(Lines of atoms letter the chains of each structure in order from A; the text may use other names.)
(Lines give C-alpha, C1' and ligand atoms only; values in the text may rest on other atoms or scores of the structure.)
Protein backbone atom coordinates (compact mmCIF):
# COMPACT_ATOMS: atom_id res chain seq x y z
CA UNK A 49 0.00 0.00 0.00
CA UNK A 50 1.36 3.40 -1.06
CA UNK A 51 4.65 1.94 -2.21
CA UNK A 52 6.54 4.56 -4.20
CA UNK A 53 8.29 2.21 -6.62
CA UNK A 54 5.31 0.00 -7.47
CA UNK A 55 2.98 2.94 -7.99
CA UNK A 56 5.49 4.73 -10.20
CA UNK A 57 5.96 1.70 -12.47
CA UNK A 58 2.30 1.86 -13.57
CA UNK A 59 2.39 5.11 -15.54
CA UNK A 60 -1.39 5.29 -16.04
CA UNK A 61 -1.97 5.80 -12.30
CA UNK A 62 -2.02 9.31 -10.92
CA UNK A 63 0.86 10.03 -8.58
CA UNK A 64 1.64 12.87 -6.21
CA UNK A 65 0.39 14.51 -3.08
CA UNK A 66 -1.51 17.64 -2.30
CA UNK A 67 -0.67 20.61 -0.06
CA UNK A 68 2.36 19.89 2.11
CA UNK A 69 2.48 16.18 1.27
CA UNK A 70 3.78 16.50 -2.27
CA UNK A 71 4.06 18.59 -5.40
CA UNK A 72 0.72 18.03 -7.04
CA UNK A 73 -0.45 15.33 -9.39
CA UNK A 74 1.40 14.04 -12.39
CA UNK A 75 1.20 11.01 -14.68
CA UNK A 76 -1.96 9.50 -16.07
CA UNK A 77 -5.22 11.27 -16.89
CA UNK A 78 -5.32 13.01 -13.50
CA UNK A 79 -1.90 14.50 -14.13
CA UNK A 80 -3.03 15.86 -17.49
CA UNK A 81 -6.13 17.37 -15.87
CA UNK A 82 -3.98 18.99 -13.19
CA UNK A 83 -1.94 20.76 -15.88
CA UNK A 84 -4.97 22.00 -17.85
CA UNK A 85 -7.11 25.05 -17.30
CA UNK A 86 -10.58 24.23 -18.54
CA UNK A 87 -12.62 26.91 -20.30
CA UNK A 88 -16.11 26.82 -21.66
CA UNK A 89 -16.78 27.73 -25.29
CA UNK A 90 -20.23 28.49 -26.62
CA UNK A 91 -21.04 28.43 -30.32
CA UNK A 92 -24.37 30.03 -31.12
CA UNK A 93 -26.31 27.65 -33.35
CA UNK A 94 -29.10 30.12 -34.11
CA UNK A 95 -27.57 33.62 -34.07
CA UNK A 96 -30.69 35.24 -35.52
CA UNK A 97 -32.80 34.37 -32.46
CA UNK A 98 -30.81 36.36 -29.93
CA UNK A 99 -28.51 39.02 -31.26
CA UNK A 100 -26.36 41.08 -28.96
CA UNK A 101 -24.38 44.07 -30.06
CA UNK A 102 -21.38 45.67 -28.47
CA UNK A 103 -21.63 49.46 -28.52
CA UNK A 104 -18.75 51.38 -30.07
CA UNK A 105 -16.25 52.89 -27.65
CA UNK A 106 -16.85 56.46 -26.61
CA UNK A 107 -14.66 58.69 -28.68
CA UNK A 108 -15.18 62.30 -27.80
CA UNK A 109 -12.71 65.02 -26.89
CA UNK A 110 -12.19 65.59 -23.18
CA UNK A 111 -11.01 68.95 -21.96
CA UNK A 112 -7.94 68.13 -19.83
CA UNK A 113 -8.47 71.06 -17.46
CA UNK A 114 -12.13 70.30 -16.74
CA UNK A 115 -11.58 66.53 -16.66
CA UNK A 116 -8.66 66.76 -14.25
CA UNK A 117 -10.47 69.26 -12.03
CA UNK A 118 -13.53 67.03 -11.87
CA UNK A 119 -11.45 63.92 -11.07
CA UNK A 120 -9.57 65.75 -8.32
CA UNK A 121 -12.88 66.99 -6.92
CA UNK A 122 -14.17 63.42 -6.64
CA UNK A 123 -10.95 62.24 -4.99
CA UNK A 124 -10.94 65.10 -2.50
CA UNK A 125 -14.61 64.58 -1.72
CA UNK A 126 -14.09 60.90 -0.94
CA UNK A 127 -10.75 61.03 0.86
CA UNK A 128 -10.53 64.44 2.56
CA UNK A 129 -11.16 64.29 6.31
CA UNK A 130 -11.79 67.99 6.86
CA UNK A 131 -15.18 69.57 6.23
CA UNK A 132 -13.54 72.54 4.47
CA UNK A 133 -11.82 70.21 2.04
CA UNK A 134 -15.10 68.44 1.31
CA UNK A 135 -16.86 71.76 0.65
CA UNK A 136 -14.06 72.83 -1.70
CA UNK A 137 -14.36 69.47 -3.47
CA UNK A 138 -18.11 69.98 -3.98
CA UNK A 139 -17.44 73.45 -5.38
CA UNK A 140 -14.85 71.97 -7.75
CA UNK A 141 -17.33 69.32 -8.89
CA UNK A 142 -19.89 72.00 -9.65
CA UNK A 143 -17.30 74.20 -11.40
CA UNK A 144 -15.71 71.47 -13.53
CA UNK A 145 -18.74 69.22 -13.99
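Numbering (the numbering used here), first residue to last: 49 to 145.
C-beta atoms are modelled at their ideal positions from N, C-alpha and C, and glycine is treated no differently.
The structure presented is a predicted model; accordingly, all values stated were derived computationally and were not measured.
Residue j beta carbon less than 9 Å from that of residue i
i: residue 121; j: residue 138; result: yes
i: residue 141; j: residue 118; result: yes
Per-residue DSSP class, three states only, for residue i
i: residue 91; result: coil
i: residue 119; result: helix
i: residue 96; result: coil
i: residue 80; result: helix
i: residue 125; result: helix
i: residue 109; result: coil
Element boundaries [alpha helix (DSSP H), containing residue i]
i: residue 140; result: 131-144
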